[in-house]
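Residue numbers (our numbering): 415 to 518.
Note that beta-carbon positions come from the ideal geometry of N, C-alpha and C, so glycine has one too.
Quick caveat, the model's predicted, so the values are computed rather than measured.
Everything below concerns the one structure shown next.
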């Protein structure tokens, strides 16, 4: 928006700060996590995400593919318990890699 001239630089900085504060507050309300998966196809990852979300007892449980890295590589994000479960399920499904990554 700043580059397009819609906002001046100072307003752009205020917007970035406001977004960061909102994201921090959201993660404090419901613990979140991200993981990196490699070695499984997208269909299998989607299936494992669904199973992991169902295994998370929290009311807002979810985990989804967040980024496509390469043909069999993805980052996934969601509630912490669901992401942890996804990593376990992915290892059991013989993923080459399934690990929680530092985010935030």
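- For residue 513, the three-state secondary structure derived from DSSP is strand.
- Going by beta carbons, residue 497 and residue 479 fall outside the 9 Å limit.
- In this structure the region 453-460 lies against the region 473-489, because at least three pairs of beta carbons, one per stretch, are closer than 8 Å.
- Following the DSSP letters along the chain, one finds residue 430 inside the alpha helix (DSSP H) bounded by residues 423-443.
- Assignment of residue 416 by DSSP, reduced to helix, strand and coil, places it in the coil class.
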